[in-house]
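Asks:
Numbering (my numbering), first residue to last: 16 to 142.
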């Protein structure tokens, strides 16, 4: 669950992105896995899905790094955070995300998807 004020806007990276409403100092906790809002879906349930539901989960969920039997679907706007090779958010922890540097108001918040997926994963969108 995002813990800072954000807004969604067209991203120069890909599709829609998450943008900071206010200055976010380096080291700020910006997201925390919250089971009240963030959904852990069993892989067996995910694998049974087809059509639009499967496509949506493919785009906006990721493997649960704590338990490979689950995927994580974020129920808030965090699911729109785009990848960057030099991101401003540190997602190395599976349960918390911190600002890895100061983030200016209006700046897109990004993370490195390599923390979520195995080597060789093909990212959706432009790179």
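For glycine and all other residues, C-beta sits at the position ideal for the given N, C-alpha and C.
Which partner residues of residue 35 appear in the DSSP bridge assignment?
Replies: Residue 35 pairs with 21.
Asks: If we ignore side chains and look at the alpha-carbon of each, how far apart do residue 61 and residue 101 end up?
Replies: Between residue 61 and residue 101, the C-alpha separation is close to 31 Å.
Asks: Evaluate the contact criterion for the segment 85-105 versus the segment 41-58: three or more CB pairs, one atom per stretch, below 8 Å.
Replies: Segments in contact, yes.
Asks: Measuring straight from C-alpha to C-alpha, what distance separates residue 65 and residue 21?
Replies: About 31 Å.
Asks: Contact defined as beta carbons within less than 8 Å: I believe residue 17 pairs with residue 45. What is the distance between those atoms, to the nearest angstrom?
Replies: So it is a contact: roughly 7 Å between Cβ atoms.
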